[in-house]
Ligand SMILES: Cc1cc2nc3c(=O)[nH]c(=O)nc-3n(C[C@H](O)[C@H](O)[C@H](O)COP(=O)(O)O)c2cc1C
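Residue numbers (my numbering): 568 to 727.
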């Protein structure tokens, strides 16, 4: 039987891709190991560069989008603003999850939670809204559930 060598075209190592995606699992139970807040800062310093539309908040465009500070006019409609905020915050959540894994953490994102209780505890500003909760820590390896399948490339990708 012959063998075939396939060259992987990756900008990071194949092991790193395993860490970020192929072997990373959503965590449903965490160990007692504490989270170092300094490392949370490191996560922020990397994931903040993930691209979002105008780097996000319409009230801070003079800082985050200085070449077009008047772009805030695009956000006058509250409904449109909410839609864009949720879309971009969803992107940021994805970047956060991957950055956390890159820094050796496990994460447990969820939208099934007691929204009113969380809002009362964490949201002081009536202008804020909950998108999701992402628990951060180190997995309790004894807990978990089997990996659910994903749809195959052929089913979800179309070259146009
Ligand atoms: C935005 C978001 C919301 C989620 N909400 C829940 C949830 O409410 N309850 C839950 O058990 N898992 C939740 N999950 C976990 C997903 O079901 C899980 O990440 C997915 O099945 C992949 O699992 P795996 O990493 O183990 O393959 C959520 C994931 C994301 C990204």
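Beta carbons: idealized from backbone N, C-alpha and C, even for Gly. Just so it is clear, the structure is predicted and the values come from calculations on it, not from any experiment.
Distance, residue j Cα to residue i Cα
i	j	result
residue 628	residue 711	42 Å
residue 606	residue 593	20 Å
residue 581	residue 673	19 Å
residue 699	residue 660	8 Å
residue 619	residue 688	28 Å
residue 678	residue 718	22 Å
residue 616	residue 638	20 Å
residue 681	residue 675	15 Å
residue 595	residue 727	38 Å
residue 590	residue 613	21 Å
residue 683	residue 690	10 Å
residue 685	residue 571	53 Å
residue 713	residue 663	23 Å
residue 630	residue 705	35 Å
residue 652	residue 623	7 Å
residue 709	residue 702	17 Å
residue 724	residue 650	25 Å
Collapsed DSSP secondary structure at residue i in the structure displayed
i	result
residue 677	strand
residue 591	coil
residue 597	strand
residue 726	coil
residue 631	helix
residue 617	coil
residue 713	coil
residue 624	coil
residue 586	helix
residue 578	coil
residue 642	helix
Supposed contact pair residue j and residue i - C-beta distance, whole angstroms, cut 8 Å
i	j	result
residue 587	residue 668	5 Å
residue 610	residue 666	5 Å
residue 642	residue 625	4 Å
Residue range of the beta strand (DSSP E) that includes residue i
i	result
residue 702	700 to 704
Terminal residues of the alpha helix (DSSP H) in which residue i lies
i	result
residue 660	645 to 669
residue 604	604 to 614
residue 722	720 to 723
residue 682	682 to 689
Residue i at chain B interface by Cβ criterion, 8 Å
i	result
residue 575	No chain B is part of this structure, which consists of one protein chain only.
- Which residues have a Cβ closer than 6 Å to any heavy atom of ligand 1, listed in chain order? Those residues are 592, 593, 676, 677, 678, 679, 699, 714, 715, given in chain order.
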